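Participant: Have a look at this one.
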Amino acid sequence: MRNCFRRRRPLYRKIVILGDGACGKTSLLNVFTRGYFPEIYAPTVFENYVHETHIDNKILELSLWDTAGQEEFDRLRALSYSDTFVIMVCFAVDNASSLENISARWIKEIMENCEGVQVVLVALKCDLRGGEEKCITYEEGLACASRINAARYLECSAKENRGVTEAFAAACVYTSNAKLTELGRPSLNSREAERCDHRRKEIYSDVALPDNVGLQLSFPSFLVGFRSLDYHFRRYLS
Numbered sequence: 537m538r539n540c541f542r543r544r545r546p547l548y549r550k551i552v553i554l555g556d557g558a559c560g561k562t563s564l565l566n567v568f569t570r571g572y573f574p575e576i577y578a579p580t581v582f583e584n585y586v587h588e589t590h591i592d593n594k595i596l597e598l599s600l601w602d603t604a605g606q607e608e609f610d611r612l613r614a615l616s617y618s619d620t621f622v623i624m625v626c627f628a629v630d631n632a633s634s635l636e637n638i639s640a641r642w643i644k645e646i647m648e649n650c651e652g653v654q655v656v657l658v659a660l661k662c663d664l665r666g667g668e669e670k671c672i673t674y675e676e677g678l679a680c681a682s683r684i685n686a687a688r689y690l691e692c693s694a695k696e697n698r699g700v701t702e703a704f705a706a707a708c709v710y711t712s713n714a715k716l717t718e719l720g721r722p723s724l725n726s727r728e729a730e731r732c733d734h735r736r737k738e739i740y741s742d743v744a745l746p747d748n749v750g751l752q753l754s755f756p757s758f759l760v761g762f763r764s765l766d767y768h769f770r771r772y773l774s
């Protein structure tokens with residue numbers, strides 16, 4: 537009788553959120569995991585959110601990785617790709633360059649670090665459409681999704697909490713398409729495994745932060761994220 541009430545073990549799923557700085561990634565994550573929209577912009581270096589959800593009668597423990605879009609964090613950001621099931625690549629509808637960088641920068645980085653991972657393209661700040669400022673249209677976003685072979689294209693507004701849950705629900709569906717090892721991790725080919733091992737050796741010696749990081753975020757927040765990052769690499773390589 538007791539077994540009938542035993543809670544099922546959650547399935548671990550890691551999703552990385554990628555895109556230009558200030559495109560709205562952190563606001564998207566805050567609304568989804570904490571239910572509030574941050575009014576003050578604070579640039580992110582690295583932060584890990586944990587959120588439990590239910591998809592297709594399965595309990596998923598989502599590890600959601602918020603990444604920095606600035607070029608000075610390229611090496612640190614690249615370390616976050618191991619064990620990734622799905623990548624949500626984001627752009628802001630009021631920033632044309634953030635859409636251009638999807639193909640010019642972000643897809644290239646994905647191909648270099650975790651080729652074969654499913655990509656979901658997400659348009660952010662859609663509440664800004666209809667104002668005086670020219671915004672990227674749905675059709676333009678859909679065309680970009682087609683060019684990069686994204687598994688899905690979605691639009692949302694974190695400020696109005698519109699389409700946020702749907703975006704993550706879609707990403708969760710595509711986590712089931714990832715090829716898994718016996719330990720439940722996404723499988724890597726020999727080249728990807730060698731690259732991860734090379735980064736592990738460099739993690740403490742080559743990752744450096746710009747001098748102004750202390751002005752942008754609290755150091756404890758970064759430290760917690762960095763420890764989590766190191767933990768995942770040790771878990772992957774164990």
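Residue numbering for the sequence shown follows our numbering, beginning at 537 and increasing consecutively. In this text, a Cβ means the ideal position worked out from N, Cα and C, and glycines have one as well. From a predicted model like this one, the values you see are computed outputs, not experimental measurements.
Three Cβ pairs or more, each shorter than 8 Å: is that satisfied between the stretch 613-620 and the stretch 559-570?
Facilitator: no
Participant: Could you check what DSSP says for Ala705 in three-state terms: helix, strand or coil?
Facilitator: The residue labelled residue 705 in the question sits at position 169 within the sequence shown. Helix, per DSSP.
Participant: Going by the DSSP bridge assignment, what does Leu690 pair with across the sheet?
Facilitator: Counting from 1 along the sequence shown, the entry for residue 690 is found at position 154. Answer by DSSP bridge pairing, in chain order: Val658.
Participant: Sort Trp601, Glu583, Leu547 by Cα distance to Asn593 and report the nearest one.
Facilitator: Translated into positions along the sequence shown, residue 593 becomes position 57. It is Leu547.
Participant: In angstroms with no decimal places, state the Cα-to-Cα distance between Arg549 and Phe582.
Facilitator: Within the sequence shown, numbered from 1, the residue matching residue 549 stands at position 13. Within the sequence shown, numbered from 1, the residue matching residue 582 stands at position 46. Approximately 18 Å, taken between the alpha carbons.
Participant: Helix, strand or coil for Val552, going by three-state DSSP, please let me know.
Facilitator: As a working note, residue 552 is residue 16 in the sequence shown. If DSSP states are grouped into helix, strand and coil, Val552 belongs with the strands.
Participant: Tell me which residues share the same chain as Thr580 and place their Cβ nearer than 6 Å to its Cβ, disregarding the 5 neighbours each side in the sequence.
Facilitator: Numbered from its first residue, the sequence shown carries residue 580 at position 44. Result list for Thr580: Thr562, Asp602, Ala604, in chain order.
Participant: Per DSSP, what are the beta-bridge partners of Phe627 in this structure?
Facilitator: As a working note, residue 627 is residue 91 in the sequence shown. Ala659.
Participant: Taking three-plus beta-carbon pairs below 8 Å as touching, is the stretch 648-656 in contact with the stretch 616-624?
Facilitator: yes
Participant: Using the Cα positions of Ala632 and Asn584, report the straight-line distance between them to the nearest angstrom.
Facilitator: For the purposes of this step, residue 632 is identified with residue 96 of the sequence shown, where counting begins at 1. For the purposes of this step, residue 584 is identified with residue 48 of the sequence shown, where counting begins at 1. Using only the alpha carbons, I get a separation of about 28 Å.
Participant: Which first and last residues belong to the beta strand (DSSP E) in which Tyr585 is found?
Facilitator: Within the sequence shown, the letter at position 49 stands for residue 585. Here the beta strand (DSSP E) through Tyr585 covers 582-591.
Participant: Taking the straight line between their C-alpha atoms, what separation do you get for Glu588 and Asn697?
Facilitator: In the sequence shown, counting from the first residue as 1, residue 588 sits at position 52. In the sequence shown, counting from the first residue as 1, residue 697 sits at position 161. Approximately 18 Å between the Cα atoms of the pair.
Participant: Please list, in chain order, all residues of the same chain as Arg545 whose beta carbon is under 6 Å from its beta carbon, the five residues on each side excluded.
Facilitator: If you number the sequence shown from 1, residue 545 lands on position 9. Counting only residues of its own chain and dropping the five nearest sequence neighbours on each side, Arg545 has no CB closer than 6 Å to any other CB.
Participant: Report the rounded CA-to-CA distance for Arg665 versus Ile576, giving the unit in angstroms.
Facilitator: The count along the sequence shown starts at 1 and reaches residue 665 at position 129. The count along the sequence shown starts at 1 and reaches residue 576 at position 40. The alpha-carbon atoms of Arg665 and Ile576 are separated by roughly 21 Å.
Participant: Should Val658 and Ala703 be called a contact, given that it needs their Cβ atoms to be closer than 7 Å?
Facilitator: Walking along the sequence shown from the start, residue 658 turns up at place 122. Walking along the sequence shown from the start, residue 703 turns up at place 167. Inclusion of Val658 and Ala703 in the CB contact set at 7 Å is warranted, their separation being smaller than that value.
Participant: What residue from Leu690, Ile591, Leu678, Gly571 has the CA that sits closest to Val709's CA?
Facilitator: By 1-based counting over the sequence shown, the position of residue 709 is 173. Nearest of Leu690, Ile591, Leu678, Gly571 to Val709, Cα basis: Ile591.
Participant: To the nearest angstrom, how far is it from the Cα of Asp619 to the Cα of Glu668?
Facilitator: What you label residue 619 is simply residue 83 of the sequence shown in a count that begins at 1. What you label residue 668 is simply residue 132 of the sequence shown in a count that begins at 1. Asp619 and Glu668: Cα-Cα distance of roughly 42 Å.
Participant: If you reduce the DSSP assignment to three classes, tell me which class Asp602 lands in.
Facilitator: Along the sequence shown, read from residue 1 onward, the residue named residue 602 stands at position 66. Strand.
Participant: Does the beta-carbon distance from Ala628 to Leu660 come in below 7 Å?
Facilitator: For the purposes of this step, residue 628 is taken as residue 92 along the sequence shown, with counting starting at 1. For the purposes of this step, residue 660 is taken as residue 124 along the sequence shown, with counting starting at 1. Yes; because the gap between Cβ atoms is below 7 Å, this pair is in contact.
Participant: Using DSSP with H/G/I as helix, E/B as strand and the rest coil, what is Ile638?
Facilitator: Counting from 1 along the sequence shown, the entry for residue 638 is found at position 102. Three-state DSSP puts Ile638 in a helix.
Participant: Give the secondary structure of Val622 by DSSP, where H, G and I count as helix, E and B as strand, and everything else as coil.
Facilitator: On the sequence shown, residue 622 is found 86 positions in, with the first residue counted as 1. Strand at Val622.
Participant: Measure the CB-CB distance between Leu690 and Ala706 and report whether it falls below 7 Å.
Facilitator: The residue labelled residue 690 in the question sits at position 154 within the sequence shown. The residue labelled residue 706 in the question sits at position 170 within the sequence shown. The answer is yes: Cβ separation under 7 Å.
Participant: Considering only DSSP beta bridges, list what Glu575 is partnered with.
Facilitator: Residue numbering aside, residue 575 sits at position 39 when the sequence shown is read from its first letter. Paired residue(s): none; Glu575 is not in a bridge.
Participant: CA-CA distance, Ile638 and Ile595?
Facilitator: On the sequence shown, position 102 is the one that residue 638 refers to. On the sequence shown, position 59 is the one that residue 595 refers to. Near 31 Å, if we compare the C-alpha coordinates of Ile595 and Ile638.
Participant: Beta-carbon within less than 7 Å of Val700's beta-carbon, same chain only, minus the 5 sequence neighbours each way: which residues are those?
Facilitator: Along the sequence shown, read from residue 1 onward, the residue named residue 700 stands at position 164. Cβ neighbours of Val700 beyond the five flanking positions: Leu564, Val567, Phe568, Cys692, Ala694.
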